[in-house]
Amino acid sequence: MRALLLVRRGAPLTAALVDVIRKKGFEPVVLSSLPADGGTKFRAMCAGLDVRCVVSAGVAVTSEEVMATVRDIEDCAFAITMADSQRTVMAEANGLLGAHDVTPGALRHALDKHLMRKRLFELGLSRLRPLRVADPELRRRIEAGEQYVVKPRRGVASLCVGLVRTWSDVEALQAVYERGPGDGDMMAEYFTDNELIAEGFCDGREVSFEVIRQDGHDRVSVDHEKTLLDFADGTVLERGLASPVVGITADELDAARGVADEAMDALGLDNGCYHVELRIDQTGRPEVIEINPRVGGALVWDSVRLQYDRSLIDDWIDVLAGKPVAPMAPRKCGTYMQLAFPVVGKQVTGIDQNPDLPEPEVYGESIAPGAVALANREFFGADALWTTELATHRDQVARLVAEEYCLFAYARGLTGKPVLLALEPDASTWNAIAAAPEDVDVVVCHQERIEATDEYRAARDRIGRLVAVPSWDSPDALASVLESCDGAPIRDILGPRTTHVVADQVRNAMQAPA
1 MRALLLVRRG
11 APLTAALVDV
21 IRKKGFEPVV
31 LSSLPADGGT
41 KFRAMCAGLD
51 VRCVVSAGVA
61 VTSEEVMATV
71 RDIEDCAFAI
81 TMADSQRTVM
91 AEANGLLGAH
101 DVTPGALRHA
111 LDKHLMRKRL
121 FELGLSRLRP
131 LRVADPELRR
141 RIEAGEQYVV
151 KPRRGVASLC
161 VGLVRTWSDV
171 EALQAVYERG
181 PGDGDMMAEY
191 FTDNELIAEG
201 FCDGREVSFE
211 VIRQDGHDRV
221 SVDHEKTLLD
231 FADGTVLERG
241 LASPVVGITA
251 DELDAARGVA
261 DEAMDALGLD
271 NGCYHVELRI
281 DQTGRPEVIE
291 INPRVGGALV
301 WDSVRLQYDR
311 SLIDDWIDVL
321 AGKPVAPMAP
331 RKCGTYMQLA
341 FPVVGKQVTG
351 IDQNPDLPEP
361 EVYGESIAPG
371 AVALANREFF
381 GADALWTTEL
391 ATHRDQVARL
401 VAEEYCLFAY
411 ARGLTGKPVL
421 LALEPDASTW
431 NAIAAAPEDV
441 DVVVCHQERI
451 EATDEYRAAR
461 DRIGRLVAVP
471 SWDSPDALAS
481 VLESCDGAPI
491 RDILGPRTTH
501 VVADQVRNAM
511 QAPA
């Protein structure tokens with residue numbers, strides 16, 4: 001039997017998902033929305049995995065493309081995705097295949113945050129009034145002192161989500177959203193056929209549930225409390241999660257789980273995997289914030305695996321295939337997760353680990369040297385997950401909450417000094433950069449991914465700017481190198497022989513009359 005795996009823009013998660021599906025006894029066919037490079041790297045990755053792949057024509061997979069792919073797969077049992085934006089077309093495919101999924105209409109109401117809020121508000125399951133940003137009532141209420149959260153109707157990773165207290169806050173978010181996506185932006189599809197909306201703000205402690213539903217019953221339900229939550233730079237950053245909860249009572253947790261189930265029932269979400277977020281106000285009353293019809297992000301899957309020795313994706317596949325979901329075993333440990341976000345607008349040169357904290361069970365870095373964090377969204381830098389003893393869980397979490405495990409290092413920036421230019425540094429070049437005098441700014445231009453070798457780490461703090469060059473053979477390589485120096489004079493050029501042509505071009509440009 002086969003299965004259709006839908007991924008967004010050649011997602012790096014593809015390899016892991018292919019492995020999971022194969023271990024469940026199905027051979028995947030992968031359909032990806034169009035990656036920034038047109039699919040070259042994605043196709044090469046799939047060739048290495050020996051898996052059949054298809055690339056869509058645009059940055060969003062269309063219903064027609066999904067249906068055409070499904071009809072071309074012999075003995076296809078189900079479709080699956082981890083991406084919100086592909087969840088509706090996944091359900092359309094599963095409707096054709098006869099897999100156990102919810103209706104596309106139910107998902108449209110869950111994924112459209114305005115329709116979801118409106119439905120829950122009408123049924124008395126939410127107290128947060130939904131309004132469109134264009135509605136004059138919103139401005140009247142904000143100017144009367146009410147607080148609202150503004151967000152896109154469809155969105156992920158806290159894209160353009162902000163707590164607004166004044167109308168100028170709303171206008172600032174509108175301006176960012178109307179600028180649209182940047183070049184190669186992974187969020188590009190959320191700037192099309194979409195709009196900003198608003199809903200009342202519920203202040204309180206936040207909890208989420210990872211839920212596997214089958215025939216309207218919760219077969220799996222795992223709680224995580226968000227211990228650190230920041231509203232900043234036009235987004236919301238979830239920086240710490242504890243499981244089990246540490247600041248929420250058993251009664252409050254039961255009430256939140258009950259409200260989550262009521263909301264899913266009301267929206268017709270009776271089969272599948274859901275990440276449900278709620279806030280509990282000062283009176284102990286829970287309020288649904290969002291319902292995401294897929295596995296929670298970051299290291300949530302790992303957290304559930306470590307606590308219960310089970311895979312949410314495996315469970316979801318069992319639901320889709322019509323197989324019984326295994327009952328939950330007792331929790332064997334707790335977990336604490338830290339999510340690290342670099343400072344917006346600053347170029348990252350590396351990530352260090354806090355030696356005063358214990359080594360995590362799971363650790364991963366999401367960005368490479370040279371990355372610059374974008375505003376108005378979650379821009380993950382790294383995440384870490386620890387296991388805890390259930391008997392001392394609260395104390396261990398308190399210790400981990402108090403300090404950051406990931407410590408970002410940033411490029412110095414250019415100051416107008418003469419530039420020491422390094423092209424595709426090797427070990428000897430990094431050693432020379434480490435010994436560079438303070439009267440120069442160091443600019444590093446590279447084509448290959450920079451590896452955090454010992455030589456690089458020794459030179460890292462001297463870097464003023466890192467610049468990625470698409471190819472040294474490109475006719476644009478010289479212009480990229482010269483532009484990277486911001487017009488400052490170039491004192492010297494370092495680099496291996498593979499870049500000598502560009503180095504000579506730079507020297508010639510330096511000697512040419514103005």
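With UniProt numbering, letter number 395 in the sequence shown gets 395, and the count goes up by one each step, no holes. C-beta atoms are modelled at their ideal positions from N, C-alpha and C, and glycine is treated no differently.
Could you check the C-alpha separation between residue i and residue j for me, to the nearest Å?
| i | j | result |
| --- | --- | --- |
| residue 10 | residue 41 | 8 Å |
| residue 78 | residue 136 | 45 Å |
| residue 499 | residue 488 | 21 Å |
| residue 264 | residue 115 | 14 Å |
| residue 385 | residue 298 | 10 Å |
| residue 494 | residue 456 | 15 Å |
| residue 294 | residue 83 | 7 Å |
| residue 325 | residue 276 | 20 Å |
| residue 220 | residue 130 | 30 Å |
| residue 288 | residue 473 | 54 Å |
| residue 486 | residue 415 | 10 Å |
| residue 446 | residue 469 | 6 Å |
| residue 27 | residue 1 | 6 Å |
| residue 310 | residue 336 | 18 Å |
| residue 366 | residue 377 | 15 Å |
| residue 508 | residue 368 | 32 Å |
| residue 97 | residue 380 | 36 Å |
| residue 515 | residue 383 | For the chain, the structure presents residues 1 to 514; residue 515 sits outside this window and is missing. |
| residue 118 | residue 128 | 9 Å |
| residue 304 | residue 222 | 7 Å |
| residue 45 | residue 15 | 8 Å |
| residue 321 | residue 99 | 6 Å |
| residue 58 | residue 7 | 13 Å |
| residue 146 | residue 282 | 17 Å |
| residue 387 | residue 359 | 10 Å |
| residue 271 | residue 102 | 6 Å |
| residue 315 | residue 328 | 11 Å |
With respect to the alpha helix (DSSP H) encompassing residue i, which residues constitute its N-terminal and C-terminal limits?
| i | result |
| --- | --- |
| residue 42 | 40-49 |
| residue 337 | No alpha helix (DSSP H) holds residue 337; the beta strand (DSSP E) holding it covers 334-340. |
| residue 65 | 63-71 |
| residue 89 | 87-97 |
| residue 352 | Here residue 352 belongs to no alpha helix (DSSP H); instead the beta strand (DSSP E) covers 348-353. |
To which residues of the same chain is residue i closer than 8 Å at the C-beta, ignoring the five residues directly before and after it?
| i | result |
| --- | --- |
| residue 182 | 374 |
| residue 149 | 161, 162, 163, 164, 198, 199, 200 and 201 |
| residue 404 | 338, 340 and 354 |
| residue 139 | 167 and 170 |
| residue 92 | 63, 66, 67 and 104 |
| residue 87 | 81, 107, 111, 293 and 294 |
| residue 75 | 1 and 2 |
Is the beta carbon of residue i sitting closer than 9 Å to the one on residue j?
| i | j | result |
| --- | --- | --- |
| residue 280 | residue 252 | yes |
| residue 411 | residue 353 | no |
| residue 180 | residue 191 | yes |
| residue 268 | residue 36 | no |
| residue 257 | residue 226 | no |
| residue 307 | residue 333 | yes |
| residue 29 | residue 52 | yes |
| residue 213 | residue 255 | no |
| residue 506 | residue 467 | no |
The beta strand (DSSP E) with residue i in it runs from where to where?
| i | result |
| --- | --- |
| residue 382 | 382-388 |
| residue 32 | 27-32 |
| residue 468 | 463-468 |
| residue 493 | 490-494 |
| residue 238 | 235-243 |
| residue 523 | The first residue shown for the chain is 1 and the last is 514, placing residue 523 beyond what the model contains. |
| residue 441 | 441-446 |
With DSSP as the reference, please indicate the residues paired to residue i in a beta bridge.
| i | result |
| --- | --- |
| residue 221 | 211 |
| residue 81 | 6 |
| residue 280 | 205 and 286 |
| residue 364 | 383 |
| residue 200 | 148 |
| residue 230 | 237 |
Near residue i, what residues of its chain come up, given a Cβ to Cβ distance below 7 Å and the 5 sequence neighbours on each side ignored?
| i | result |
| --- | --- |
| residue 153 | 112, 113, 114, 194, 195 and 197 |
| residue 228 | 239, 240 and 401 |
| residue 442 | 420, 422, 433, 436, 462, 463 and 464 |
| residue 49 | 15 and 18 |
Note down, in chain order, each residue of its chain lying with its Cβ closer than 6 Å to the Cβ of residue i, except the 5 sequence neighbours on either side.
| i | result |
| --- | --- |
| residue 20 | 313 |
| residue 236 | 158 and 161 |
| residue 492 | 420 |
| residue 296 | 210 and 275 |
| residue 342 | 348, 373, 381 and 408 |
| residue 156 | 84 |
Closer than 8 Å to a non-hydrogen atom of the ligand SAH - does that hold for the CB of residue i?
| i | result |
| --- | --- |
| residue 206 | Absent from the structure shown: the ligand SAH. Ligands present: none. |
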